[in-house]
Amino acid sequence: MLLANRLRAAITKPLLPVAFFLGGVTFDSVTLTRIDRLRDNLIMLLYLSLLGGLIVLTTRADLRRTPPDETVVPGNVKSLVNVQSLIARAQPHYPHAIQFLLGGLFSAYTVFYSQSASLTTTAVFFALLIALLVGNEFLRDRLTSANVRLLVSLYAVVVFSFFTFFLPVLIGAMNTVVFLIGAGLSAAVTIKVVRLIYQQQPVPSRWEEVWTSLPAIVLIVALVGFYFLKWIPPVPLSLKFAGTYHKVAKVDDEFQLEFEKAAWYHFWKRSDDPFHGEGPTYCFTAVFAPVALHTTIFHRWQYRPDAGRNFLMTDRIPIAIAGGRERGYRGYTVKQRVTPGDWRVDVETAEGRVIGRVSFRVEEPEGETPELDTITH
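End of the sequence shown sits at 1869 in our numbering; the numbers just go up one at a time, nothing left out.
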């Protein structure tokens, strides 16, 4: 009895939900390795299907939108009653299940989108996912039919987030058309769920369907606006490695990257920052793309002579990449002459969404020619 009381007290401690939350996110971070892995995508599809079904069951049950008794076939009364009785007994647990499924999806999306988000405007949507992931822990009591528009809106977000990266993985291409198709599918799936909610009414109300769907559709339209504002990370692409170098050469299947040898206490240095000299300056990147995805990325070189000024673009150089390599498709561009000041190279998609950024400073040479160190990638 004493042991049972201790266990009950431990379960109700305020810190325990936080521990489970952090443990779940950590588990997803370790197990969700590739955005194009079939098993992970099938699991997320299953979560989306179960979530849509539970939203329909929750709103139907709480709003008493069950089929009328006269539609029951006499020979099947016993089995139907048993099924309805089972559903009725499970009804109090629907909010817990919905919260679990939402948490699992938001956690997976946070892992995947974090790999593509950079410290630019593309971090906006990623920040929204984190807010929803954390906020979901406090929404259990609101995940009922009394907040049907909230349920449908959250469902629209998770479906939209899934199609944003799943369609490029499935089709093998990523561009504005593919993104808009995904947004359209998200709206269609959301509207279908709403119609399933209300279809059991004796006299279906189109106005109720529209009123319930409207916030979700407005949210999807706003997320499409995020895309054109370049606020959504360019999933499924992600920057695995990047840096600036004095020289890049390919030997067999490896790239040799040469940079100024650092002092012993800068043991972490793996590229030239600052870069001493006038060039040439090489920007090397390794960008992960799913298997079968072929697209073109760009290195956008930018420069400003003094801090406080805006960066000005000097070059935008394309690199055709192919997917499948675990450590990313490798490539580089070169700037023959650089002047002292702040430089950065944005690695971006054709639409201008930033995959990652390489920042470095160019300074005048310091005396003798520096000794170079070499790493391979």
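Even glycine gets a Cβ: it sits at the ideal position worked out from N, Cα and C. Everything numeric in this text was worked out from a predicted model, so none of it was measured.
Relative to the Cα of H1786, the nearest Cα in the group P1660, L1537 and R1531 belongs to P1660. The C-beta distance from L1625 to L1543 rounds to 15 Å, too long to meet the 8 Å contact threshold. Here Q1828 really is in contact with P1772; their C-beta atoms are around 5 Å apart, less than 8 Å. The stretch 1812 to 1822 makes no contact with the stretch 1752 to 1766; the number of CB pairs closer than 8 Å stays below 3. For F1852, the closest C-alpha among the options V1839, A1648 and W1835 is that of W1835. Going by DSSP, G1717 is part of the alpha helix (DSSP H) stretching over R1698 to F1720.
By a beta-carbon distance limit of 8 Å, L1729 contacts I1847. Their separation comes to about 5 Å. Assignment of D1807 by DSSP, reduced to helix, strand and coil, places it in the strand class. The Cβ atoms of D1865 and K1753 sit closer than 8 Å to each other. Here G1735 carries a strand assignment [DSSP, helix/strand/coil]. Under the criterion of beta carbons closer than 8 Å, Y1737 and Y1774 qualify as touching, at roughly 5 Å.
Contact between F1747 and F1776 holds: CB atoms are separated by about 7 Å, below the 8 Å threshold. Residue pairing of I1590 in beta bridges, as defined by DSSP: absent, with no partner found. A residue is called buried once 16 or more other Cβ atoms fall within 10 Å of its Cβ, and N1628 is buried on that count. The beta carbon of R1808 is closer than 6 Å to those of F1790 and R1792 in its chain, skipping five residues each way along the sequence. The beta carbons of P1707 and S1653 sit no closer together than 8 Å. Non-local C-beta neighbours of F1718 in its own chain, meaning closer than 8 Å and more than five positions away in sequence, comprise V1616, F1617 and I1724, ordered along the chain. DSSP places A1623 within a helical segment (H, G or I) once states are collapsed to three. The C-beta separation of A1600 from M1536 comes to about 6 Å, placing the pair in contact by the 8 Å criterion.
Annotation for D1765: T1736, F1852 and R1853 place their beta carbon closer than 7 Å to its own, counting only its chain and skipping 5 residues before and after. Following the DSSP letters along the chain, one finds R1641 in no beta strand (DSSP E) but inside the alpha helix (DSSP H) bounded by residues V1640 to I1663. Counting along the chain, T1773 sits inside the beta strand (DSSP E) bounded by residues T1773 to F1780.
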